[in-house]
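When the letters of the sequence shown are read in order and numbered with full-length UniProt numbering, they come out as residues 1 to 404.
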Amino acid sequence: MVTTTFDFNFGVYMVSDLITDGAWNIDLVNRVFNERDRKLILSIPLRRSSSIDLQFWKHDKRGSYSVSSAYKLQTQESDTAVGNKKFWKKLWSIPAAPKIRNFLWRAVSGSLPTRSRLCSRHVPTTEVCPLCNVDCESVKHVLVECSFARHVWLASHLGWFSPSTHSFQDWLMRALALFNPNDSATLAYLCWSIWEERNSVVWKSAQPAANSCRLRGLRLKREWDDALVSIRAAIPPTADLPTPQEWKKPGPNWVKLNVDIATNVNSGWTGIGMVVRNEMGSFVACKISRMVGLFSPTIAEIMGVREALSWIKDNNWQNVIVESDNLQVVNVLNSMNVENFSMMGGIVSDCRSLINEISCEILFSHVFRSANGVAHALAQATRSFPNAMEWTLSPPEFVSLLLL
């Protein structure tokens, strides 16, 4: 939402009034809007070619609505609603088997099929707890308050403490704050074992046995811990670290263009560095420039690729491999025929148009950051060079050593 007190004397009535030749009219934006709004506006990437306005679904990386993306959004909102990030981080870091942590997540999120929950969904069943046959079966009751559960907890070294809270999540938050990681894992296994005992009573008409329930949970924990020890013992103590990848020459009749970006948060601009080398690995050209605005790394990188394609168009190079250390950008560029309605979709369309205007063949390739050092150094150099600069006969001194 714009917070500037608007003055129509500037002649700005529509968003298009702020755009000139596919770019923001920076002087006009600076005159019309306050600092907060200026930064937000200039950080919106624009297409260079004219196009109709489109709506996009921001919860999908391609901007397209899907049932799965809506479901993911709802589950994320549900997780946020039932707890804070610190709690979830602590829960998922409990040193227990994945199925045990998943069980706790289901218990906290209210997805366990307790009898009270089944009744709330109009399933014809009683609400009475199958373990104690006295109280209504909720998650907090069956895992903590039930007389059977209390016997299990009291028989363990953890003991039992009153759930003087409104929900199982509150009780669990309190428990995880009190216990060390090992005891937190024991708690998780015992909760799981109590639920397993409950299921045996419901589905197999078994007689609940608190001691065997406790021992089952502790046995599973011990087996998991022993398995982890065995796995760790099998891993060599001095595993070789991965060797940093080096830049590789392109094939015959090809040149390789590496591109990278650098962001200056305080000054509100993004720098682009590009370097071209031939099949011998020799320097051909390099270029640096700035873009006004702060963008996400992916948006900034694909805008850098757009600048690279425009640079290729202005030169008579042979076939070109464009390398970036942003894998997401490379994947998007290698699937440009797929419709993209996201914020980067307009930039992708610009890239597609530029490729159609270039006579040589263009390939996009991912490279590890360790092999993209020259482009990285050039992008960082935009901190010292505010204006666009290009070198063709020989490289600048600050990257000469990197080219050896």
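In this text, a Cβ means the ideal position worked out from N, Cα and C, and glycines have one as well. All values reported here derive from a predicted model rather than from experimental measurement.
* Sorted by chain position, which residues of the same chain lie with C-beta nearer than 7 Å to Pro386's C-beta, five sequence neighbours on each side aside? -> Cβ neighbours of Pro386 within its own chain (closer than 7 Å, five residues either side excluded): Arg290.
* **Per-residue DSSP class, three states only, for Ala262** => Ala262: strand per DSSP, three-state reduction.
* Distance between Ala371 and Leu18 (C-alpha atoms, nearest Å) -> Whole-angstrom Cα-Cα distance: 40 Å.
* To do: May I have the straight-line CA-CA distance separating Asn9 from Arg31, to the nearest angstrom?
  => Computed Cα separation, rounded: 11 Å.
* Asked: Taking C-beta to C-beta, are His366 and Asp325 nearer than 9 Å?
  -> Remark: C-beta atoms of His366 and Asp325 approach each other more closely than 9 Å.
* Asked: Looking at C-alpha atoms only, which residue of Val332, Asn258 and Asp183 is the closest neighbour of Ala377?
  -> Nearest option by C-alpha distance: Asn258.
* Between the stretch 134-150 and the stretch 217-225, do at least 3 Cβ pairs fall closer than 8 Å? -> Judged by Cβ distances under 8 Å, the stretch 134-150 makes no contact with the stretch 217-225, as fewer than three pairs qualify.
* To do: Might you give, ordered along the chain, the residues of its own chain that have their beta carbon closer than 6 Å to the beta carbon of Gly273, omitting 5 neighbours on each side?
  => Non-local beta-carbon contacts of Gly273 in its own chain, meaning distances under 6 Å to residues more than five positions away in sequence, involve Asp260, Ile288, Ala375, Leu378 and Ala379 in chain order.
* Asked: Got a sec? Which residues, its chain only, sit under 8 Å from Phe398 by beta carbon, not counting five neighbours each side?
  -> The residues are Ala377 and Ala381.
* Are the Cβ atoms of Ser156 and Arg214 separated by less than 9 Å? -> Cβ distance < 9 Å, so Ser156 and Arg214 count as in contact.
* Asked: Roughly how many whole angstroms lie between the Cα atoms of Val144 and Trp269?
  -> Val144 and Trp269: Cα-Cα distance of roughly 55 Å.
* When you compare each of Ser384, Ser349, Gly345 and Pro236 to Gln55 by their alpha carbons, which one comes out closest? -> Distance from the Cα of Gln55 is smallest, within the candidate group Ser384, Ser349, Gly345 and Pro236, for Gly345.
* Ile355 beta carbon less than 9 Å from that of Ile347 -> The criterion of a C-beta distance shorter than 9 Å is not satisfied by Ile347 and Ile355.
* Within 9 Å, strictly: CB atoms of Ala185 and Ile100 -> The criterion of a C-beta distance shorter than 9 Å is satisfied by Ala185 and Ile100.
* To do: Could you name the residues of the same chain whose beta carbon sits closer than 7 Å to that of Glu301, not counting the 5 residues immediately before and after it, in chain order?
  => The residues are Ile261, Ser324, Asn326 and Val329.
* Rounded C-alpha distance that separates Ser68 from Trp57 -> Between Ser68 and Trp57, the alpha-carbon positions lie close to 12 Å from each other.
* To do: Taking the CB atoms as reference points, tell me whether Pro130 and Val201 lie closer together than 9 Å.
  => Yes; because the gap between Cβ atoms is below 9 Å, this pair is in contact.
* Asked: Which term fits Trp192, buried or exposed, when burial requires 16 or more other beta carbons within 10 angstroms of its beta carbon?
  -> Result: buried.
* **Beta carbon of Ile358 nearer than 9 Å to that of Lys256** => Their beta carbons are not under 9 Å apart, which means Ile358 does not touch Lys256 by this criterion.
* From this set, Ala175, Trp391 and Asn334, which residue's C-alpha is nearest Ala285's C-alpha? -> Per the C-alpha coordinates, the member of Ala175, Trp391 and Asn334 positioned closest to Ala285 is Trp391.
* Nearest-angstrom Cα distance between Thr20 and Tyr13? -> In a straight line, the C-alpha of Thr20 is about 15 Å away from that of Tyr13.
* To do: Have a look at Trp317 and Val332 and give me their C-alpha separation to the nearest angstrom.
  => The C-alpha of Val332 is placed about 24 Å away from the C-alpha of Trp317.
* Asked: Along the chain, where does the beta strand (DSSP E) that runs through Leu363 open and close?
  -> Start and end: Ile362 to His366.
* For the candidate residues Arg277, Gly293, Ile299 and Pro396, whose alpha-carbon lies nearest to that of Trp24? -> The shortest Cα separation from Trp24 among Arg277, Gly293, Ile299 and Pro396 belongs to Gly293.
* **Outcome for Asp226 when other beta-carbon atoms lying within 10 angstroms are tallied against a minimum of 16** => So Asp226 counts as exposed.
* To do: Assign Leu35 to buried or exposed, taking buried as 16 or more other Cβ atoms, counted over all protein chains shown, within 10 Å of its Cβ.
  => According to the sequence as given, residue 35 is Glu; it is not Leu. It counts as exposed.
* Can Lys187 and Ala177 be called in contact, C-beta distance under 9 Å? -> A small correction: the amino acid at residue 187 is Leu; Lys does not occupy that position in the sequence shown. It is not a contact, given that the beta carbons lie outside the stated cut-off.
* Give the secondary structure of Leu257 by DSSP, where H, G and I count as helix, E and B as strand, and everything else as coil. => The three-state secondary structure of Leu257, taken from DSSP, is strand.
* Asked: Counting along the chain, where does the alpha helix (DSSP H) carrying Arg198 start and finish?
  -> According to the DSSP assignment, Arg198 belongs to the alpha helix (DSSP H) that extends over Pro181 to Lys204.
* Asked: Rounded to a whole number of angstroms, what is the C-alpha to C-alpha distance between Thr114 and Asp37?
  -> So the two alpha carbons sit approximately 51 Å from each other.
* To do: Tell me where the alpha helix (DSSP H) around Lys313 begins and ends.
  => For Lys313, the enclosing alpha helix (DSSP H) begins and ends at Pro297 to Lys313.
* To do: Could you tell me whether the Cβ atoms of Pro181 and Pro95 are closer together than 9 Å?
  => Closer than 9 Å, so yes.
* Just mark Asp27 as buried or exposed, buried being the case when its beta carbon has 16 or more other beta carbons within 10 Å. => Exposed: under 16 other Cβ atoms inside 10 Å.
* Asked: Are the CB atoms of Asn334 and Cys360 nearer to each other than 9 Å?
  -> Not in contact: Asn334 and Cys360 (Cβ atoms no closer than 9 Å).
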